[in-house]
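A.B. asks: Numbering (UniProt numbering), first residue to last: 1 to 198.
Built from N, CA and C at the ideal position, the CB exists for glycine as well.
It should be emphasised that the depicted structure is a prediction, and the values quoted were computed from it without experimental measurement.
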Amino acid sequence: MVIQYYQRCFGYALKQSKDDEEGVRNGLRSIVPHAYGDHSSCGNWCGYLKNNASYKHRGLPHGKDLIGKSLRQSLEEILEIYASNTKKLAPLGSNQVHFKQNRFLVQAAEKNGVMEDLVKAVSGFTLSLPAFRELLLERKSHSQENLVQDLLCKSYEAHNARADVQTLYQLVNNVLNVKLLQQHSFKVSWVASYQKLL
1 MVIQYYQRCF
11 GYALKQSKDD
21 EEGVRNGLRS
31 IVPHAYGDHS
41 SCGNWCGYLK
51 NNASYKHRGL
61 PHGKDLIGKS
71 LRQSLEEILE
81 IYASNTKKLA
91 PLGSNQVHFK
101 QNRFLVQAAE
111 KNGVMEDLVK
121 AVSGFTLSLP
131 AFRELLLERK
141 SHSQENLVQD
151 LLCKSYEAHN
161 ARADVQTLYQ
171 LVNNVLNVKL
181 LQQHSFKVSW
191 VASYQKLL
């Protein structure tokens, strides 16, 4: 019951502050205190702040605050790992489809006992959309079709899976630098440990 509660809160923190690193960081750091009855760092999502007289936690045993210092310390340490990596987490709220696909790939590899093969073949995943947004702040549209037309000066068969992948590869290699790519990338092992929280 408590695990599902934390999974749900983690997802809420990502969704409510998508593309906002500070918002995601604050949201993640408020999860544990909130569960322990400290609402000083909660946002407008907090039911206690709306009506403290009748508030009960949904998802915690008997709707009551958690107790226990060692559990609290462990939970805070775990969530701090994610709170200190919000640059990679913040875009996930707007890139859930791609992230879920990566999670699905990792889950399938684990289930079928080929995780080692996946790690050898795939060094990690990159969220290219936030990288393009960071590099090209002045653009109104960061759709792949528009980027290809403006930056590569060509058109292609958009929404054809093979053409989309090949053209994205050209875009990334011609426009994005390695440092920027690394800032928006994460390893297969990170996806595996993240999905265990969900």
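#1: In whole angstroms, give me the CA-to-CA distance for Gln-16 and Gln-170.
#2: Just how far apart, CA to CA, sit His-159 and Ala-109?
#3: In three-state terms, what does DSSP make of Gly-124?
#4: With C-beta atoms as the reference, is Gly-63 less than 8 Å away from Gln-4?
#5: By alpha-carbon positions, which one of Gly-47, Val-114, Lys-187 ends up nearest to Leu-127?
#6: Are at least three pairs of beta-carbons, each pair with one atom in the region 25–38 and one in the region 81–92, less than 8 Å apart?
#7: May I ask which residues mark the beginning and end of the alpha helix (DSSP H) holding Ser-70?
#8: Can you have a look at Ile-67 and say buried or exposed, based on whether 16 or more other CB atoms are within 10 angstroms of its CB?
#9: To which residues does DSSP link Lys-88 through a beta bridge?
#10: Thinking C-alpha only, which one of Ile-81, Glu-21, Ala-35 is nearest Tyr-6?
#11: Assign Lys-18 to one of three DSSP states: helix, strand, or coil.
#12: Here's the rule I'm using: 16 or more other beta-carbon atoms within 10 Å means buried, otherwise exposed. How should Leu-14 be labelled?
#13: Which two residues bound the contiguous beta strand (DSSP E) that contains Lys-187?
#14: Would DSSP call Gly-113 helix, strand or coil?
#15: For the region 136–153 against the region 111–124, do three or more pairs of beta-carbon atoms, one drawn from each stretch, fall closer than 8 Å, so that the two count as touching?
#16: Assign Val-148 to one of two classes, buried (16 or more other C-beta atoms within 10 Å of its C-beta) or exposed (fewer than that).
C.D. replies: According to the structure data:
#1: If I take the Cα positions, the gap works out to 33 Å.
#2: Cα to Cα, His-159 sits roughly 27 Å from Ala-109.
#3: Secondary structure of Gly-124 (DSSP, three-state): strand.
#4: No, they are not a contact pair.
#5: In terms of Cα proximity to Leu-127, the closest of Gly-47, Val-114, Lys-187 is Lys-187.
#6: Output reads yes: the region 81–92 touches the region 25–38.
#7: Where Ser-70 is concerned, the enclosing alpha helix (DSSP H) stretches over 69–83.
#8: By the neighbour-count rule (16 or more Cβ atoms within 10 Å), Ile-67 is not buried but exposed.
#9: The partner list for Lys-88 (beta bridge, DSSP) is empty, contrary to what the question assumes.
#10: Looking at the Cα atoms, Ala-35 is the closest of the given residues.
#11: Lys-18 carries a coil assignment under DSSP once its states are collapsed to helix, strand and coil.
#12: Answer is buried; the Cβ neighbour count reaches 16.
#13: First-last of the beta strand (DSSP E) with Lys-187: 185–187.
#14: Gly-113: coil per DSSP, three-state reduction.
#15: Contact between the region 136–153 and the region 111–124 is absent, because fewer than three Cβ pairs lie under 8 Å.
#16: By the 10 Å Cβ count, Val-148 comes out buried.
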